[in-house]
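Reading through the structure tokens given below for one structure.
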Amino acid sequence: LQQQEGILLAKLDRAQKDLAKERHEYVSSVSERKSLLDTLIAEIEKKRDQPVVEFLMSSSLSCFPLSCEVARAPIPEPVSLELQRTVKSLSEISQLVVAVVDKFKGKATKWRAIPCLKVTLDPETASPYLILSKDRKTVWLGDGQQNLPDSPKRFTGSPSVLGSQG
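Residues in the sequence shown are numbered from 1 upward in steps of one, following UniProt numbering.
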């Protein structure tokens with residue numbers, strides 16, 4: 001579950017970065033067009049104060065339609081189909097993971113009601129990711145991999161350890 005959670009979080013992070021990049025590009029484009037519109041508005045306001053004859057004779061009047069066309073606000077491009085699918089898939093998977101974790105938590109509560117057995121853990125089989133107590137009665141997951149002597153009995157692929165009753 002932790003591995004799946006890590007993978008899902010990485011995918012969500014990637015999708016979030018893609019969305020942020022698209023948003024930044026869109027905001028930049030809109031800001032550029034806003035700046036152009038501000039310039040056009042300033043020109044129009046300057047021309048508004050001119051006498052009518054000068055305004056009508058102005059040769060730069062013919063530039064307004066072209067400038068206005070350039071300043072037209074962009075129509076936002078739709079989010080790519082691939083990104084939509086990724087977000088939808090991640091959303092569905094995260095809901096499933098949450099449901100499984102909730103179900104697991106319910107079972108963990110039931111397991112606490114089962115009487116505990118006294119065990120002695122075998123340090124020769126302990127995964128390098130696990131830390132055993134000195135009395136070899138308890139085990140916990142470490143922050144990283146320990147340097148332990150090689151042993152053909154040692155679990156290396158998963159955080160596991162063998163124990164015996166007593």
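Note that beta-carbon positions come from the ideal geometry of N, C-alpha and C, so glycine has one too. In this text, all values refer to a predicted model and were calculated from it rather than measured experimentally.
Minimum Cα-Cα distance from E82 among the listed residues G144, T120, R14 corresponds to R14. Going by DSSP, S28 is part of the alpha helix (DSSP H) stretching over 2 to 48. Of the other Cβ atoms in all chains shown, fewer than 16 fall within 10 Å of the Cβ of L19; this residue is therefore exposed. Between L132 and V139, the CB-CB gap stays under 8 Å.
By the C-beta density criterion, A126 is buried, having at least 16 other C-beta atoms within 10 angstroms. Between C116 and the set K137, D150, G144, G157, the nearest pair of CA atoms involves K137.
Assignment of beta-bridge partners to I93 by DSSP yields no partner.
DSSP places Q145 in the coil class of the three-state scheme, outside both helix and strand. Counting other Cβ atoms within 10 Å of its Cβ, L9 stays below 16 and is therefore classed as exposed.
Listed in chain order, the non-local C-beta contacts of F104 below 8 Å within the same chain comprise L1, local neighbours out to five positions each way being set aside.
In this structure, DSSP gives T138 a state outside helix and strand, which the three-state scheme calls coil.
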